[in-house]
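Take a look at the structure below.
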Amino acid sequence: MNDLPFWKSKTLAEMTVSEWESLCDGCGLCCLNKIEEWDSGDIYFTSVSCKLLDGESCRCSSYENRWDFVPDCVQLTKENVPDIAWLPPTCGYRLVNEGRDLYWWHPLVSGDPETVHAAGISARGRTINENEIDIDDLEDYVVDWPLTVGEEKDDEEA
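Residue 1 is where the sequence shown starts when you use full-length UniProt numbering, and the numbers rise one by one after that.
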């Protein structure tokens, strides 16, 4: 009898669709616009969100139809997660793929979708919608917090 939660007992490839979808913690960080330097391949996060990101819930406002509005939206799949270097360090998909456990604030652990926001991990209150800026000014919005969220908590727990 296996009493471990599915994310500890299954690989990404073994998960059902509902298990896969539940790995999303609702942080919204993957829905931030990024800038890639062509020569180096370095990727920089911005505080500018996709036009479909709901800034309060940090969820896509048109998830099922997102490609109708954002054709270049990157869909995370069981196959591509290992290759997406820009996934935030706290991302459930990344953590499970790396054989690590989910954080205490992840809704699957806490039982509450609000804990990701209460823990300060999400994009809630930190972004501006891409429809509100001149896209030529995107580099003015480069931030590092999507890559450092949770570090303070990790330091405290160490």
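By construction, the Cβ of each residue, glycine as well, lies at the ideal position given by its N, Cα and C atoms.
From a predicted model like this one, the values you see are computed outputs, not experimental measurements.
**Asked** Residues in its own chain within less than 7 Å of leucine 147 by CB, not counting five upstream and five downstream?
**Response** Within the same chain, leucine 147 has close Cβ partners Phe45, Pro88, Pro89.
**Message:** Which runs of the alpha helix (DSSP H) at least 4 residues long sit entirely within the region 67-115? Give them in chain order.
**Reply:** Entirely contained in the region 67-115, the alpha helix (DSSP H) runs reaching 4 residues are, in chain order, 92-97, 107-110.
**Message:** Please tell me whether tyrosine 93 and leucine 23 are closer than 8 Å, where the distance is taken between their beta carbons.
**Reply:** When the beta-carbon positions are compared, tyrosine 93 and leucine 23 come within less than 8 Å of each other.
**Closest by C-alpha distance to valine 116, when choosing among Cys30, Asn65, Cys58** = When each option's Cα is compared against that of valine 116, the closest is Cys58.
**Request:** Count the other CB atoms, across all protein chains shown, that sit within 10 Å of the CB of glycine 125; report buried if there are 16 or more and exposed otherwise.
**Result:** Of the other Cβ atoms in all chains shown, fewer than 16 fall within 10 Å of the Cβ of glycine 125; this residue is therefore exposed.
**Request:** Could you check if isoleucine 7 is buried or exposed, using at least 16 other CB atoms within 10 Å of its CB as the buried criterion?
**Result:** A small fix is needed here, since residue 7 is tryptophan in this sequence, not isoleucine. Around the Cβ of tryptophan 7, a 10 Å sphere holds 16 or more other Cβ atoms; the residue is buried.
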